[in-house]
Structure formats: structure tokens, C-alpha cells
Amino acid sequence: MTPHQTDVFIVGGGPAGLAAGIAARLRGFRVMLADGCRPPIDKACGEGLMADALAGLRRLGVSLSREQGALFTGIRFVEPGFSAEARFRGGPGLGIRRTTLHSLLVERASELGVDLHWGRPARLDAAGASVDGTPVRARWMVGADGQNSSFRRWAGLDRCRGYTRRFGFRRHFRVSPWSDFVEVHWTERCQAYITPVSADEVCVAVISRDPRLRFEDFFRLFPGAARRLEGASPGTAPRGAVTASCRLHSVVSGSFALIGEASGSLDAITGEGLSLAFRQAVALAEALERDDLAWYAAEHRRIARMPRLMERLMLILDQNTWVRHQVLRAFTAEPRLFARLLDIHTRQPAASTFYPSPRYL
Ligand SMILES: Cc1cc2nc3c(=O)[nH]c(=O)nc-3n(C[C@H](O)[C@H](O)[C@H](O)COP(=O)(O)OP(=O)(O)OC[C@H]3O[C@@H](n4cnc5c(N)ncnc54)[C@H](O)[C@@H]3O)c2cc1C
């Protein structure tokens, strides 16, 4: 049997795998990608793309317009007795349905000539990698197969530190967004965040440590937010996923590299997963050109540093009510503090003035 021959073989065609394929093709590599599912692939996600995720997509040649989703210009934290908000200085984010984003990435990858194999899970065993029984020979193999990556185990990169996990659900509701903020509603060890995703739809994501939590609990736990959805018909069924925080000892080994959630993940509350994946894809392609995966490993660490700090803060707010109330009180009384935190989160330099009118896409 003639094996598949390619420069880069990518296992997994979610946002990270597609972004990696696009970035590698842009540098002239032959790329083959296999995914066990068929597009557009849906997944539980808050569906918010921060400005740097949009910048990352533009670098890959995927330009999104506001018509494909809904702009959001800042973040609002809400808990009974508190409401604090701040706007992004570096431009708005975009809420976009996961399936729309996936379709756009697939379109760009096809246009660039990535050799796409949908509905074809990669088999990884002692004999090597194969798709549909045909062996794959590649200079580099990239694991983009998500949180429970079998590629990671196969490549011997499964050692992880600081593993924590929470449980998430998302569901869409047909209602005009009542605000151009992503609203993060807090209660004891549980958050709901609401992202506008079109002119007449919002995405509600609920995240908690409690494995017994179901999407329906949202209405009981967050009555204020639930009132906004009164009379709105659901646009989708609830979809669940585990959201884990996990840092790997290494994301490369020999000619193997990991990307996206396969390469370690952040808790969903950071809203950073996709942005990280797009930045990793650009870095990985550069590393392939340099023929230096150690360079990618160093960039991977650097890219995740600030989001990891932000994750730590968010998880402290999740676990410690007293601290959360102090922080929310401070943000409510002094909105510049919250604005500064958002600047750090979105990697903006310190500002002397706050709240300029938002730049649009
Ligand atoms: C509740 C929740 C809310 C979130 N909210 C946000 C948010 O608002 N903003 C944000 O940026 N991020 C958010 N995230 C994180 C974001 O969804 C992830 O970072 C992103 O999905 C990671 O993409 P990925 O391509 O690495 O993995 P995935 O999207 O999981 O893709 C992995 C792919 O690999 C395929 N695969 C698996 N095994 C094989 C195999 N053997 N062969 C071939 N294919 C295989 C799967 O079919 C899948 O398509 C959220 C996550 C959760 C759980």
C-alpha cells in the first residue's frame, strides 16, 4: 500500500488543527489533516473571540466581518449588589457561532490546498500513524486532537501539572442582545457568561466545578440573567464539555508537536482558548521553517504566560467569595481598575486615558 507522503500531518481539524494547517501552507509546506468528524464541527464554547484572536485570524487570511457575528466592546461582571464593566481599548471582540467559525477556517484551509480528510480518525499505534488503513509518512506530526488527545499519549507527551477541571454547557437563545458587553454572572463556584453572537441571538455558557450541574440550573442560579431570556426560544439544545486547566511538561518531542487544547488548556472562563490556538499556529509554522521545534516550545510557553496569570485570578474569584466581593466592590467603585485588568488581559500597554470610543473591525 502506498503511504501518504506529506511535510506536515495534523491530527484533528478543530480550530487549532485548521489554523496550524493554514499557517504551515502559508509557509509553503505540504499539509495533510485528518479529523474523525465532518464539518462544520460544533463544540460547547462561549463563542467569544477577543481582539487578538481576530488579529490572529487576520494573519491566517481569515477576515471576519461584523455581519458574521456580533461585536462586543467590553466585559461586565455581575453579581447581586455588584455590576462592574470596562471596555476594551484594543478594539472590540466578536461573538460568532462555533460552526460559522469552523466553516470559515475549513474554507481558508481548502483554498490554500491543505489536504483535508474528514470523517477519518487517525489511528496512532506502534506501527505509526495511519488514516483509513493507509500509513502516513511526514516530516512533522502535529497533535491538534483536543483535550483528551490520544496523539499526546502516543507521542509520550502526556505528563501534565496542575490539572483542574470544571464542567461547562452552552445553549443559544433567540433574543436581541441587550448589551454590547460579554456579561459574566457570578455566584458560588459557578459562572454564566453571555455573549452576543448575532443581531438576534446570544450564547449562554455555564461553568461549574459541580459535575451534577446541568444547563437548566442556569435559570435557578442566575435569576437576573434568566429574566433577560424570558420568552426567548432556544436556538440549540444544551451542549456540554469538560473545561480543564492543564500545563504540560513539554509540547514537543522529536518531530512531534502539540497545539490547541491537546497542548494543555486554560479554564474556559478566560475566553482565551481560541486566541491561544491561533497564536500557537503562527509560532508553530515559523518553527517548522526554522526546523526548530524547541523554538516553538519556548514561544508556546511565552504565549500562555499572561493568560495563565489571568486564569489564576479568575479561579481565585470562583473559589473565594470574600475575595470576589472585595474585587467586585473595588471594580464597581473604581472602573479604571477593571479597565486596567482588561488591558492586561488583552495585552494592551498602560493607558493614561480610559474609555476611548471603540475601534470597529
Ligand atoms: C464551555 C466552554 C466555553 C468556552 N468558551 C470559550 C470562549 O468564549 N472563547 C475562547 O476563545 N475559547 C473558549 N473555550 C475554549 C475553546 O473552545 C477551545 O480552546 C477550543 O475548542 C480548542 O480547539 P482545539 O482545536 O484545540 O480542540 P477541539 O475543538 O476539541 O478539536 C479537536 C478535534 O480533534 C478531532 N480528533 C480527536 N481525536 C482524533 C483522531 N484520533 N483523529 C482525528 N481527529 C481527531 C476531534 O474530532 C476535533 O474536531 C471554551 C471551552 C468550553 C468547554
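Each residue of the sequence shown is one higher than the last, beginning at 220 in the numbering used here. Glycine is no exception: its CB is placed at the ideal position from the N, C-alpha and C atoms.
* To do: State the Cα-Cα distance for the pair R428 and R384, rounded to the nearest angstrom.
  => Rounded to whole angstroms, the separation of the alpha carbons of R384 and R428 is 7 Å.
* Asked: Going along the chain, which unbroken runs of the alpha helix (DSSP H) with 4 or more residues stay wholly within the stretch 369 to 429?
  -> Taken in chain order, the complete alpha helix (DSSP H) segments of 4 or more residues contained in the stretch 369 to 429 are 369 to 373.
* Asked: Among residues of its own chain, excluding the 5 on either side of R466, which ones have a beta-carbon nearer than 7 Å to its beta-carbon?
  -> Shown here for R466: same chain residues with a beta carbon closer than 7 Å to its own, the five before and five after excluded, namely C379, R380, G381, G483 in chain order.
* Quick one: what's R356 bridged to in DSSP? -> For R356, which the question treats as bridged, DSSP gives the partners Q224.
* Any idea what DSSP makes of P311, helix, strand or coil? -> In the three-state scheme derived from DSSP, where H, G and I count as helix and E and B as strand, P311 is classed as coil.
* Apart from the five residues on each side of it in sequence, which residues of its chain come closer than 7 Å, Cβ to Cβ, to L493? -> Counting only Cβ-Cβ distances below 7 Å, and skipping sequence neighbours, we find P234, L268, A272.
* Answer yes or no: do A411 and F392 have a C-beta to C-beta separation smaller than 8 Å? => Contact flag unset, no.
* Asked: Does ligand 1 have a heavy atom nearer than 7 Å to the CB of C264?
  -> C264 Cβ: within cutoff of ligand 1.
* Is there at least one non-hydrogen atom of ligand 3 closer than 7 Å to the beta-carbon of V230? -> The model on display carries ligand 1 but not ligand 3.
* To do: Give the secondary structure of F434 by DSSP, where H, G and I count as helix, E and B as strand, and everything else as coil.
  => Here F434 sits in coil by DSSP.
* Would you mind giving the Cβ-Cβ distance between M533 and D486, rounded to the nearest angstrom? I have them listed as a contact below 8 Å. => Indeed, because the Cβ distance is near 7 Å, the residues count as touching under 8 Å.
* **Reference A346; option with closest CA among E326, S329, W373** => Nearest to A346 by alpha-carbon distance, out of E326, S329, W373, is W373.
* Asked: Which residues in the same chain have their Cβ closer than 6 Å to the Cβ of G338, if we skip the five residues on either side of it in sequence?
  -> Here the set comprises R257.
* **Proximal residues to R548 (C-beta, below 8 Å), its chain only, five neighbours per side dropped** => In chain order, F301 place their CB closer than 8 Å to the CB of R548, counting only its own chain and leaving out the 5 sequence neighbours on each side.
* **Close Cβ partners of T572 (< 7 Å) along its chain, the five nearest in sequence each way excluded** => Residue confidence is low: T572 scores 39 on pLDDT, short of 50, so the model does not pin down where it sits. Its coordinate-derived value is still stated next. So the list is empty, once near-sequence residues are dropped.
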